[in-house]
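Read in this note's numbering, the sequence shown has 14 at position 21, and its numbers run on one by one without any break. A virtual CB, placed ideally from N, CA and C, is assigned to each residue, including glycine. I have placed the structure first, in the form of structure tokens, so that the comments after it can refer back to it.
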Amino acid sequence: MSAGLLLIFDLVLVVTLIGLAIAALVSPDVRRAVMLFIAFGLWLALVWARLRAPDVALAEAAIGAGLGGALMLAAARRAARQEAVDGQTDARGEEG
């Protein structure tokens, strides 16, 4: 592969990675932010693979995007459920 083509590929990786990071940080919707974080982790795994670090790439994909994303999705789901329960109580703290 030519050096110019690899440079373009690297630039696309970096720009997309930065875009995903910014989008995840400014997203008002928690669920969307978690999905963007998972995409960020998978894209970062591609960056590690491009840097010829396959062990780090696999760890990032499995732990960073996979396990971390699953835990964050579960936490977001639990928080949404808790907000729904809290919304069912009135100002005095009584249900009804």
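When the five nearest sequence neighbours on each side are left out, the beta carbons in the same chain lying within less than 6 Å of the beta carbon of Ala32 are those of Leu13, in order along the chain. In this structure, the beta-carbon distance from Met65 to Val27 falls below 7 Å. Here Asp79 carries a helix assignment [DSSP, helix/strand/coil]. Secondary structure of Arg24 (DSSP, three-state): helix. A residue is called buried once 16 or more other Cβ atoms fall within 10 Å of its Cβ, and Ala63, having fewer, is exposed.
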